[in-house]
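What follows is a single structure, written as C-alpha cells, with notes after it.
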Amino acid sequence: MALQVALPVDPDLPEATQLPPRREVMRITPMKTNYPEILQRPIFSSDRHPMMEPMSGLTLVGVGIAGNKATALLQDVNGPVIRGRPGDIAAGWSITSIAPDRVLFERKGERRILKIDVQSHGAIQSTVAEAGKK
Numbered sequence: 008m009a010l011q012v013a014l015p016v017d018p019d020l021p022e023a024t025q026l027p028p029r030r031e032v033m034r035i036t037p038m039k040t041n042y043p044e045i046l047q048r049p050i051f052s053s054d055r056h057p058m059m060e061p062m063s064g065l066t067l068v069g070v071g072i073a074g075n076k077a078t079a080l081l082q083d084v085n086g087p088v089i090r091g092r093p094g095d096i097a098a099g100w101s102i103t104s105i106a107p108d109r110v111l112f113e114r115k116g117e118r119r120i121l122k123i124d125v126q127s128h129g130a131i132q133s134t135v136a137e138a139g140k141k
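Numbering (my numbering), first residue to last: 8 to 141.
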C-alpha cells in the first residue's frame with residue numbers, strides 16, 4: 008500500500024485502440040522428395056558402401072574367437088554344420104571376416120552379412136575352467 012501512495016497516478020493513459028488485423032499464417036508443406044542414394048549409401052557408414060543384404064541359405068550357428076583366429080559354425084538349410092574360417096568358401100561365397108555376432112561374405116564384389124540368430128539358438132555364454140578346478 009505504501010508504494011501505491013508514494014507514486015503519482017497518471018490519469019492521461021492512451022485511449023484504447025483496435026488491434027491491427029492478424030496476418031495470415033503461411034503453411035509450409037514439406038517437399039516430397041525421394042533420396043534413393045542416401046538409402047543406398049548410408050551417410051553415417053564409414054565406408055559409405057551400400058547396406059549389405061542378409062545371407063540366405065545359410066544359418067550362423069556359432070562363432071569361436073581365440074586371439075586373432077576365428078571360426079564360424081555354419082549350417083546349410085538341409086545340410087550338416089560346417090566350420091569356416093576367413094578365406095574359406097561356403098555356399099559359393101568367400102568368408103572375409105568373422106565377428107562375435109556376424110560373418111561377412113564376399114563374391115564378385117558383392118558383400119553379404121550373416122548374423123547369429125539369438126532368438127532361435129539362444130545366447131550361449133562360454134566358460135573356461137580355471138587350472139586345478141573342476
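Think of the CB as a built atom: it goes at the ideal place given N, C-alpha and C, for glycine as much as any other residue.
Computed from a predicted model, the values in this text were never measured in an experiment.
- A contact between stretches requires three or more CB pairs, one per stretch, nearer than 8 Å, and the region 77 to 91 meets this requirement with the region 104 to 121.
- Note: Asp83 is bridge-paired with Leu65 in the DSSP secondary-structure output.
- With a beta-carbon spacing of about 6 Å, Val70 and Ile105 fall inside the 8 Å limit used to define contacts.
- Of Ala98, Gln82, Ile35 and Lys76, the smallest CA-CA separation from Val68 is found for Gln82.
- Taken atom to atom, the span from the alpha-carbon of Ile96 to that of Asn85 is near 18 Å.
- Annotation: the continuous beta strand (DSSP E) that includes Ile120 extends over Glu117 to Lys122.
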